[in-house]
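Everything in the sequence shown is counted per the working numbering, starting at 1 for the first residue and increasing by one. A virtual CB, placed ideally from N, CA and C, is assigned to each residue, including glycine. Below is one structure; the comments refer to it alone.
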Amino acid sequence: MMKAIQVGVRVRPEMVPVVAVVLVSWALTVMMMVGGDDGTMAHDAVMDVGHGPRPATIVLFLVAWQVTTGAKMVPSSLPMVRLFAGASRGQAHPWLAKVAFLAANIVL
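Here it is as structure tokens:
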């Protein structure tokens, strides 16, 4: 007779916003891939042949870029964020160091 195995995922309360960002970002990424057959979100849409980039297209592209960054880069950078949070705990303003680190991570 086989025993049932219970698998539980426990999310710490401070990680709920991060998990929410990742899940929403993946949902939006999938929606863009499935419903975006018109090429609006593609790299080539920023530069049309013979025309310069349109401001609205650039903004839309950057929004799409940040959504995919939230889906892919946030989960892979969490160990470094935790390490940095521990290392910056001794700073005079540890929250400011964390904000600067996260902002640099988002920009790059």
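Asked                                                                                                          : Found
Stretch pair the region 64-71 + the region 12-31: three plus CB contacts closer than 8 Å                       : yes
Alpha helix (DSSP H) segment containing M96, residue limits                                                    : The residue asked about is misnamed: residue 96 is Leu in this sequence, not Met. Unbroken alpha helix (DSSP H) run through L96: 94-107.
Spatial neighbours of S25 in its chain, beta-carbon cut-off 6 Å, leaving aside the 5 residues before and after : V67, G70, A71
Which of helix, strand or coil DSSP assigns to R54                                                             : coil
Spatial neighbours of V74 in its chain, beta-carbon cut-off 8 Å, leaving aside the 5 residues before and after : V18, V21, V22, S25
Assumed close pair N105, S76 - CB separation to whole angstroms, cut-off 8 Å                                   : So it is not a contact: roughly 11 Å between Cβ atoms.
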